[in-house]
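The numbers in full-length UniProt numbering rise by one with no breaks, and the one at position 142 of the sequence shown is 142.
Notes follow once the structure below has been shown.
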Amino acid sequence: MAQVDSFQSGPWRVDCLVDGGMTFGTDVFANVAPARQAELLGAAGLSAAVTEFNAYLMRHDDGRIWLVDTGCGSICGPEGGQLPARLAQVGLAPGDISRVILTHLHADHCGGLLGQAAALFDDAEILLHPDEVAHWRGTEAPGAQVLNTCADRLSLVRGDDDLGADVRVWALPGHTPGHFGLRIGQDLVLAGDILHSEALQLPDPRHATQFDVDPALALASRRAALDEIAGRNLVWSGSHLIGAKFARLRRAGDGFAKLDI
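Okay, here's the thing in structure tokens:
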């Protein structure tokens, strides 16, 4: 049985559910020389840039149950699509979810709403930023399929919108136009895809992936988010963290270091 890392923020218990994972090739971080990648990965005890696909189960004391992202379903191959089993591990079924919050519409975040998995969340309201709708609609990407499949259940959220129960949107544009995280209570943030490899990007946030739609804006969002997390001593999690799923940050030279809690 896979370990489930959790954090309690006020009335919210947040569980990180790992949907699967993969290993990035050196080309994913094209602006980082392979030798530098190997150096940073080695310092972290890694031989390659491994990543995981993290989704988040949010359970409130009053009984409401929300889900942040749905994993990649069958899109990412046999390593993905584990979310239903992860939910079962904590005693829940997809039908127990009343609200699905999509940080953005990349396949590893929304794929669980496609194919046979789509029916699993039929009763859930789907929250999404309007800039994601504008960017992906009419394309051949999985995100466009989600927009078509879930059109009658979409609710659009922006900026720092209040989602209720002390949860707010945290705008982090650049990775995609409408990419966002969440602020939960006073001490927890979910930071979405500000990082894809903590080993490569925490020491130097300028290290970027080929997945960023607007690299300059993504860097600005990444730097601002990491600065805030470290400066306010927040507990945070990111959609591609490995190891400890909830952590703090400290500044380390021109970058940051992850601190277990």
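Note that the Cβ used here is the ideal one computed from N, Cα and C, for glycine as well.
Keep in mind that this is a model prediction, so the values were computed, not measured.
query: Can you tell which of 64, 28, 68 has the C-alpha that lies nearest to the C-alpha of residue 190?
result: Of the listed residues, the one whose Cα sits closest to residue 190 is 68.
query: Do the CB positions of residue 40 and residue 199 come within less than 7 Å of each other?
result: In contact: residue 40 and residue 199 (Cβ atoms closer than 7 Å).
query: Where does residue 229 sit, in a helix, a strand or coil, going by DSSP?
result: If DSSP states are grouped into helix, strand and coil, residue 229 belongs with the helices.
- request: Using three-state DSSP, classify residue 264 as helix, strand or coil.
  value: Residue 264 lies beyond the residue range present for the chain, which begins at 1 and ends at 261; the question has no answer from this structure.
- prompt: If you check the beta carbons only, do residue 239 and residue 246 fall under 7 Å apart?
  reply: In this structure, residue 246 does not lie closer than 7 Å to residue 239 by Cβ.
task: Count the CB pairs spanning the region 118-127 and the region 97-106 that are closer than 8 Å, and state whether there are at least three.
output: These segments touch.
task: Could I get the ranges of all uninterrupted beta strand (DSSP E) runs contained in the region 76-157, with 3 residues as the minimum, in chain order?
output: Within the region 76-157, the runs of beta strand (DSSP E) that reach at least 3 residues and sit entirely inside it are, in chain order, 99-101, 125-128, 154-156.
- prompt: The alpha helix (DSSP H) with residue 42 in it runs from where to where?
  reply: Counting along the chain, residue 42 sits inside the alpha helix (DSSP H) bounded by residues 34-43.
message: Using C-beta distances below 7 Å, list every residue in its chain close to residue 22, excluding the 5 sequence neighbours before and after it, in chain order.
response: Closer than 7 Å at the Cβ level, and outside the excluded window around residue 22, lie 51, 76, 79.
message: Quick check on the burial criterion: 16 or more other C-beta atoms within 10 angstroms. Buried or exposed for residue 183?
response: Burial call: buried.
- prompt: Which residue spans inside the region 165-212 form an unbroken beta strand (DSSP E) run of at least 3?
  reply: If one requires a minimum length of 3 residues, the beta strand (DSSP E) runs lying completely within the region 165-212 are 167-171, 180-184, 188-190, in chain order.
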